[in-house]
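Data block below; observations after.
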Amino acid sequence: MALLTPLFAFLYHLPQVYKWLLKPYYVASLFMSLAFLAARKTPGICDHLSTQREDGNPCDFDWREVEILMFLSAIVMMKNRRAITVEQHVGNIILFSKVANVILFFRLDIRMGLLYLTLCIVFLMTCKPPLYMGPEYIKYFSDKTIDDELQRDGRVTWVVEFFANWSPECQSFASVFADLSLKYSCAGLKFGKVDIGRYGEVSKKYKVSASPLSKQLPSLLLFQGGHEVMRRPQVDKRGRAVSWTFTEENIIREFNLNELYQKSKKLNKSRCEFPPVPEEAELEQHSAQGEEPESKKDK
Numbered sequence: 001m002a003l004l005t006p007l008f009a010f011l012y013h014l015p016q017v018y019k020w021l022l023k024p025y026y027v028a029s030l031f032m033s034l035a036f037l038a039a040r041k042t043p044g045i046c047d048h049l050s051t052q053r054e055d056g057n058p059c060d061f062d063w064r065e066v067e068i069l070m071f072l073s074a075i076v077m078m079k080n081r082r083a084i085t086v087e088q089h090v091g092n093i094i095l096f097s098k099v100a101n102v103i104l105f106f107r108l109d110i111r112m113g114l115l116y117l118t119l120c121i122v123f124l125m126t127c128k129p130p131l132y133m134g135p136e137y138i139k140y141f142s143d144k145t146i147d148d149e150l151q152r153d154g155r156v157t158w159v160v161e162f163f164a165n166w167s168p169e170c171q172s173f174a175s176v177f178a179d180l181s182l183k184y185s186c187a188g189l190k191f192g193k194v195d196i197g198r199y200g201e202v203s204k205k206y207k208v209s210a211s212p213l214s215k216q217l218p219s220l221l222l223f224q225g226g227h228e229v230m231r232r233p234q235v236d237k238r239g240r241a242v243s244w245t246f247t248e249e250n251i252i253r254e255f256n257l258n259e260l261y262q263k264s265k266k267l268n269k270s271r272c273e274f275p276p277v278p279e280e281a282e283l284e285q286h287s288a289q290g291e292e293p294e295s296k297k298d299k
């Protein structure tokens, strides 16, 4: 049953996965993930490769290659147990496929290993996963606007995500946070985001480390009356994040979003309406001025 659930989830989201695979980043990642398989199975190329098979067939995996692939497959399954989105599942598969290719190419020929490793580094530096561009009701803060906005109205509760664009975890979480903003945004309960990879002073002031070693990205902070009430993940005395899973269910439960939403409606029902979505011309104006829109909606 544990194996069937991920399979059914994958099949359910197959149309969406297919759409992602058409994007240049995923097309290139797919080719790089299958590089060793292609080299080992393509006639004319595999004939020139070395092998440890007893039958001497260079166009099939030897026992050590199978062992490496099985080991890394087990790691992928363990990592995907904590994945919360299909993007994370696909990302884990791509990541560990590349790791397997590096090991296999180095084992086959050090020159091929160095060439493939160089390609991976160049790809990592030049290509980034596509950012979430779907509908959301989220206010984007800068270092100059976050304090004023949080303290503008003491009756407003803010759920703010501290993120960095380079973080795969933040990129995967973007769709989850956007969905929450669509469900719970109202005049008394608002959602915001601030890029601490870009605004280092905000990172220091709110004590959210942007270091990959701290594992504090993404971080969700709840503000009431301009003051922090709680955050997830929590941080221990050593400054390291306590492991926490960013699922929609966990966030709703831990932050009491249902209760906060009901209280916001009771305070002023007339104000608890979704904010207007900016028109396309307004979005283009923000883009031309180098500003980030307060909210986005998929056209």
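Numbering of the sequence shown is given in the UniProt record's numbering, commencing with residue 1 and proceeding in unit increments. Just so it is clear, CB atoms sit at the ideal spot from N, CA and C, and this is done for glycine as well. Since the model is a prediction, treat every value here as computed from it, not as a measurement.
- prompt: To the nearest angstrom, how far is it from the Cα of Phe-173 to the Cα of Leu-131?
  reply: 11 angstroms
- prompt: Is Glu-65 helix, strand or coil when you go by DSSP?
  reply: Three-state DSSP puts Glu-65 in a helix.
query: Would DSSP call Ser-270 helix, strand or coil?
result: With a pLDDT of only 48 at Ser-270, under 50, the local geometry of the prediction cannot be trusted, and the value read off the model is given with reservation. Three-state result, Ser-270: helix.
query: Terminal residues of the continuous beta strand (DSSP E) containing Asp-195?
result: Unbroken beta strand (DSSP E) run through Asp-195: 189-195.
query: Taking the Cβ atom as the reference point for each residue, do Ile-103 and Ile-146 lie within a distance shorter than 7 angstroms?
result: It is not a contact, given that the beta carbons lie outside the stated cut-off.
- prompt: Whose CA, out of Gln-224, Ile-138 and Phe-36, lies closest to the CA of Phe-177?
  reply: Ile-138
query: At what residues does the beta strand (DSSP E) containing Lys-207 begin and finish?
result: Neither: Lys-207 is in no beta strand (DSSP E) and is coded neither H nor E.
- prompt: Is the shortest distance between the beta-carbon of Ile-93 and the beta-carbons of chain C less than 7 angstroms?
  reply: Among the chains of the structure shown, chain C does not appear; only one protein chain is present.
message: Please tell me whether Ala-158 and Gly-197 are closer than 7 angstroms, where the distance is taken between their beta carbons.
response: Checking the sequence shown, residue 158 turns out to be Trp, not Ala. Gly-197 is positioned such that its CB atom lies no closer than 7 angstroms to that of Trp-158.
query: Among residues of its own chain, excluding the 5 on either side of Tyr-199, which ones have a beta-carbon nearer than 7 angstroms to its beta-carbon?
result: Ser-142 and Asp-143
task: Inspect the beta-carbon positions of Cys-170 and Pro-212 and report whether they are closer than 7 angstroms.
output: no
Arg-40, buried or exposed, once every other Cβ within 10 Å from all chains shown has been counted against 16: buried
- prompt: Starting from Tyr-26 and walking both ways along the beta strand (DSSP E), at which residues does that stretch end?
  reply: Careful: Tyr-26 lies outside any beta strand (DSSP E), inside the alpha helix (DSSP H) at 24-33.
- request: Rank Tyr-184, Arg-240, Ser-209 and Glu-254 by C-alpha distance to the C-alpha of Val-229 and give the top, closest one.
  value: Of the candidates Tyr-184, Arg-240, Ser-209 and Glu-254, the residue whose Cα lies closest to the Cα of Val-229 is Glu-254.
- prompt: Do you know how far the Cα of Tyr-140 is from the Cα of Glu-294?
  reply: Bear in mind that the predicted position of Glu-294 carries a pLDDT of just 48, short of 50, making it unreliable; the figure below should be weighed with that in mind. Roughly 5 angstroms between the two C-alpha positions.
message: In whole angstroms, give me the CA-to-CA distance for residue 321 and Asn-80.
response: The displayed coordinates of the chain run from 1 to 299. Any statement about residue 321 would go beyond what the structure contains.
task: Starting from the Cα of Ser-209, find the closest Cα among Arg-238, Leu-182, Gly-225 and Met-112 and give me that residue.
output: Arg-238
- request: Assign Phe-162 to one of two classes, buried (16 or more other C-beta atoms within 10 Å of its C-beta) or exposed (fewer than that).
  value: buried
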